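Heads up: the structure comes next, in structure tokens.
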Amino acid sequence: EQVCTYMCPWPRIQSALIDQDSLLVTYDRSRGEPRGPHRRGESWEGRGHCVNCNQCVAACPMGIDIRDGLQLECIQCALCIDACNEVMAKVDLPRGLISYTTIANQKRRAQGEPDRLRILRPRVLLYTAMLILVSGIMLYAFVTRPVSGLNVLPDRNPLYVTLSDGGIRNGYTLKVINKLREERAFRLAVVGLPDPVTITGLGIRTTSGTPVIDVPPDALRAVRIFVAVPRTALADKSTRFDFVLTDLASGGSTRHTTQFNGPEP
119 EQVCTYMCPW PRIQSALIDQ DSLLVTYDRS RGEPRGPHRR GESWEGRGHC VNCNQCVAAC
179 PMGIDIRDGL QLECIQCALC IDACNEVMAK VDLPRGLISY TTIANQKRRA QGEPDRLRIL
239 RPRVLLYTAM LILVSGIMLY AFVTRPVSGL NVLPDRNPLY VTLSDGGIRN GYTLKVINKL
299 REERAFRLAV VGLPDPVTIT GLGIRTTSGT PVIDVPPDAL RAVRIFVAVP RTALADKSTR
359 FDFVLTDLAS GGSTRHTTQF NGPEP
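As structure tokens, this is what we get:
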């Protein structure tokens, strides 16, 4: 109860959204007061229909008394309505002493006027427009979300390795994400490094000299990739380039920018 009262944001949101014509769980004070115990056979003349049984309080998960009016703790669960209706049935009185109604209708009842429900009003139209807008944004984000992802972690120790032929090799850990519920194959390429570039990897296959990474459905796969470049082709000790993954089935691509490290030229 304390968490719902002091930590849950819903009571504050609810109090900001409602107006005089919002349907709320309310106690009909004009009908229920003055309240008091009732014995079978006694007249209802000069008294309200509330028998002060406190069943509405006992049924409330927040432990509040709805007869005290609209309160911050009320979560509009309507358990007090069910409890009160059962009591009204036992004492042969009409149901609805506690019911869903509006603050405006409560005032009308106190003045002897009939209830009136306003459905279309500026606040409702505004909330509807906001809901449609947010739903549209969420739908657009879902439809246009990328179905694959790529993250690259360069080796930090050592930054590079000098090969026996004088070439410079860097190691990378590629994390490839497949967000579809089907296995997919991605062609791996490097863009931005001087030719000739040699790409080798652990646990990947090669098709026509091009490395291909197979990723299971709805999964992430981490692979070790090594990129080698002739030392004479490097103009700087750090060269930025892109790893490019291309889906062999759809042709869609994903890229990630990283850097190739080498010695001072």
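Per our numbering, the sequence shown starts with residue 119, numbered consecutively. Beta carbons: idealized from backbone N, C-alpha and C, even for Gly. It should be emphasised that the depicted structure is a prediction, and the values quoted were computed from it without experimental measurement.
Checklist line | Secondary structure, alpha helix (DSSP H): runs of 4+ residues fully inside the segment 205-260 | finding: 221-228
Notebook entry, point to check: How would you call V169, buried or exposed, if buried means at least 16 neighbouring beta carbons within 10 angstroms?
Noted result: buried
Notebook entry, point to check: For R158 versus G166, is the C-beta spacing smaller than 8 Å?
Noted result: no
Next item on the list: For the beta strand (DSSP E) holding Y124, just list the boundary residues, first then last.
Entry: Y124 -> not in any beta strand (DSSP E); alpha helix (DSSP H) instead, spanning Q120 to Y124.
Next item on the list: Could you pull the start and end residues of the beta strand (DSSP E) that A367 belongs to?
Entry: A367 -> no beta strand (DSSP E), and no H or E assigned at all.
Notebook entry, point to check: Apart from the five residues on each side of it in sequence, which residues of its chain come closer than 7 Å, Cβ to Cβ, to D365?
Noted result: S266, R302 and F304
Notebook entry, point to check: Are the beta-carbon atoms of T318 and F344 separated by less than 8 Å?
Noted result: yes
Checklist line | Start-end ranges of the beta strand (DSSP E) lying completely within the segment 124-174, minimum 3 residues | finding: 142-145
Notebook entry, point to check: The beta strand (DSSP E) with E339 in it runs from where to where?
Noted result: The question names Glu, but residue 339 is Arg in the sequence shown. Counting along the chain, the beta strand (DSSP E) containing R339 begins and ends at A337 to V347.
Item checked: Collapsed DSSP secondary structure at D360 in the structure displayed -> strand
Note to self: According to DSSP, simplified to helix, strand and coil, what is A351?
What the structure shows: helix
Check: What are the boundary residues of the beta strand (DSSP E) that includes L277?
Finding: Taken as a continuous stretch (DSSP letters only), L277 belongs to no beta strand (DSSP E), as it is neither H nor E.
Notebook entry, point to check: In whole angstroms, what is the alpha-carbon distance linking A340 and T291?
Noted result: 7 Å
Notebook entry, point to check: Taking the alpha-carbon positions, what's the I210 to P129 distance?
Noted result: Position check: residue 210 holds Asp in this sequence, whereas Ile was assumed. Each residue's alpha carbon lies about 35 Å from the other.
Note to self: Taking a contact to mean a Cβ-Cβ separation below 8 Å, would you say C198 touches C178 in this structure?
What the structure shows: yes
Item checked: Cα-Cα separation, Q138 to S371 -> 54 Å
Notebook entry, point to check: Between the beta-carbon of C202 and the beta-carbon of L215, is there less than 8 Å?
Noted result: yes
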